[in-house]
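Here is the structure we will look at.
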Amino acid sequence: MHETLHKVEQVIENFINENKIPGLSLHIVSDGESIFTFDYGYSNIELKKPMQQDTVSSIMSISKSITAIAMLHLEENTDFNLDTPIIEYLPYFSTKSGRYNKINSKHILSHTAGFPDNIWLVTLLDNGLYTFAKNLPEYQFIFKQCPNIEDTITKIKSREDITKYFSNIDLAYEPGKGWLYCTDAYVILADVLEKISGLTWEEYVTENIMKPLNMNNTYINPSKVSSYNMNEYYLYSKGDFIKIPTPNNQLGAPVGFIYSTANDMAKYLIAIMRSEQKFISQLSRSKMFSMIAQREPGLSYGLGWKIKKFRDTKVIEHAGGYPGVSSFASMIPAKTFGLVMLCNIGDAPLQILSDNIVDIFYP
25 MHETLHKVEQ
35 VIENFINENK
45 IPGLSLHIVS
55 DGESIFTFDY
65 GYSNIELKKP
75 MQQDTVSSIM
85 SISKSITAIA
95 MLHLEENTDF
105 NLDTPIIEYL
115 PYFSTKSGRY
125 NKINSKHILS
135 HTAGFPDNIW
145 LVTLLDNGLY
155 TFAKNLPEYQ
165 FIFKQCPNIE
175 DTITKIKSRE
185 DITKYFSNID
195 LAYEPGKGWL
205 YCTDAYVILA
215 DVLEKISGLT
225 WEEYVTENIM
235 KPLNMNNTYI
245 NPSKVSSYNM
255 NEYYLYSKGD
265 FIKIPTPNNQ
275 LGAPVGFIYS
285 TANDMAKYLI
295 AIMRSEQKFI
305 SQLSRSKMFS
315 MIAQREPGLS
325 YGLGWKIKKF
335 RDTKVIEHAG
345 GYPGVSSFAS
355 MIPAKTFGLV
365 MLCNIGDAPL
375 QILSDNIVDI
385 FYP
């Protein structure tokens, strides 16, 4: 094992040398235990605060897996069913082009509902990003795809409002007959959960996921995080790191605005993989890891997770990305092996680093 971990360190160091990385935390687990941690660089360059396993960082789209588990938990404990059309729970849900009466929660969880992948509403509800990006040339394509967005976002006050916004959206394909990654639609799931449970999405995931797993440094509201423990976020331009706003969008939390640590996310992966954990049943776990949306040979999407084949076994993984944020989580449940990486710059190729590490452990 010592030789294996030494190789892992070398791969990580090579990765850091080849990429402009301000800070990175990595945590590897196996057989229900932590076996390796690695921290590099700074969570705050200006103050030279070191990146640590308990540095709180945006996990971006890994948040979708938490929403998926919440929906599966809801199905286990109420009359809710993933296959029931959304309109039976939210009568005000519709789309511009019709056919919405066929869309169910499983479709949304697996990105097979028919929605396009360029809605951008939830992203632009992040006021910090909106202000930062609106005058930058590289983000103008978003604003061109969202005419009248400034007027629209002033009217969005709740997750129900976001659900109703989908009445403006044309479906790109027949529900269940294609695949496009639609971030915004996960807010509809949170709306369903709130209407059925009588709790806010925040209350539900806190009570049924975060507390049972002792994820004590995982947050939905970044303002509750001590500034000392919170990551700062950067982009690299003209030879220097430039600080950019902290991602912050409370309505969009089910989509990607959860904040956690490498240590807490390691607990999360262990809990998902251990069959004796009771926060989600084995049946729900099997549903989550089913290859529902076949994207290409050996690559699919389940419920909140990407699924791929690796030497005749399933690898369960998800990336998160945003200006200033890169995150990645990967599991091989059959080998009870998992890893998580949190990084405070966008577009870091963490998928490649993850694959290289897995190759070392399982050559």
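Everything in the sequence shown is counted per this note's numbering, starting at 25 for the first residue and increasing by one.
Where a beta carbon is used, it is the ideal one built from N, C-alpha and C, also for glycine.
In this text, all values refer to a predicted model and were calculated from it rather than measured experimentally.
Query, Result
"Burial state of residue 48 (16 or more Cβ within 10 Å)", "buried"
"Stretch pair the region 264-282 + the region 141-160: three plus CB contacts closer than 8 Å", "yes"
"Range of the contiguous beta strand (DSSP E) that encloses residue 341", "337-346"
"C-alpha gap between residue 339 and residue 325, whole angstroms", "11 Å"
"CB of residue 271 within 8 Å of CB of residue 377, strictly", "no"
"Residues bridged to residue 109 [DSSP beta-bridge criterion]", "128"
"First and last residue of the uninterrupted alpha helix (DSSP H) at residue 101", "87-101"
"contact_flag[the region 347-354, the region 253-263] where n(CB pairs < 8 Å) is 3 or more", "yes"
"Collapsed DSSP secondary structure at residue 256 in the structure displayed", "coil"
"Cβ shell of residue 97 (< 7 Å), same chain only, five flanking positions each side left out", "232, 304"
"Under 8 Å between C-beta atoms of residue 213 and residue 312", "no"
"Inter-residue Cα distance where the pair is residue 165 and residue 137", "24 Å"
"8 Å CB neighbourhood of residue 192 in its chain, flanking five on each side removed", "120"
"Residue 308, enclosing alpha helix (DSSP H) - first and last residue", "306-312"
"Residue closest to residue 306, alpha-carbon to alpha-carbon, out of 295, 315, 316", "295"
"Cβ neighbours of residue 268 in the same chain (closer than 7 Å, five flanking residues each side left out)", "156, 257, 258, 259, 347, 348"
"Closest Cα partner of residue 285 within the set 132, 51, 71", "51"
"Contact between the region 121-141 and the region 195-204 (3+ Cβ pairs under 8 Å)", "yes"
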